Amino acid sequence: MDRLFEELEVECGASVQCITERVSALLMLDIEVEVLTEEEWNAVPQFVLVEGDRARIPVRGSDPRWYRLHVVIHELAHLLCGHSRCEALPMAFERLRKPAQACVLAGVGAGGGSAASDVCQEQADQEAEAEALAHRLGAYVLVPQLASADAVWS
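Following this line, the structure appears as structure tokens:
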């Protein structure tokens with residue numbers, strides 16, 4: 005993780021837009037953060053973060069600003085970790101839960117044998133890796149002032 009931060013060349017107080025641009029340049033990947041309406045949100049495919057040379061980070065416009073910031077940083081962390089999917093996508097504020105709980109709720113690993121359990125563990129490991137990196141990235145972000153917070157997502 006330390007190597008990633010050195011390569012990012014991000015300083016404390018950077019904007020989320022600056023970090024997104026740096027991740028995009030570092031990974032040579034077109035990254036698009038999209039603020040979606042409820043109708044658009046309902047059509048977001050589950051788990052998909054990267055398709056080809058493009059990453060799409062969907063955020064729901066009705067979610068709190070701080071949560072949208074969290075989602076973007078979390079997905080940027082997945083990209084930096086080399087993940088093409090996120091088991092929490094689409095991330096909605098009212099559905100906060102840990103990946104391991106999601107596996108249990110979906111029935112993965114319940115009688116599915118060790119292969120299903122291994123997949124669930126791998127997904128949980130990827131989520132944990134991304135979340136750890138997201139916490140570090142979040143420490144670098146200059147949180148927008150309330151008056152200009154909507155400008156970050158438009």
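Using our numbering, you'd call the opening residue of the sequence shown number 5 and step up by one each time. Just so it is clear, CB atoms sit at the ideal spot from N, CA and C, and this is done for glycine as well. It should be emphasised that the depicted structure is a prediction, and the values quoted were computed from it without experimental measurement.
Look at VAL76 here: in three-state DSSP terms it is helix. Judged by pairs of C-beta atoms under 8 Å, the region 17-33 touches the region 66-82, as three or more such pairs exist.
A Cβ-Cβ distance of about 13 Å is found for the pair PRO94 and VAL37, leaving them out of contact under the 8 Å criterion. The alpha-carbon separation between ASP129 and LEU137 amounts to approximately 12 Å.
Selection ARG69, ALA143, ALA59, CYS90 evaluated against PHE51 yields CYS90 as nearest (Cα-Cα). The beta-carbon distance between ARG26 and GLU43, rounded to whole angstroms, is 32 Å. This is too long to meet the 8 Å contact definition. For the 9 Å CB-CB criterion, GLY65 and THR41 form a contact.
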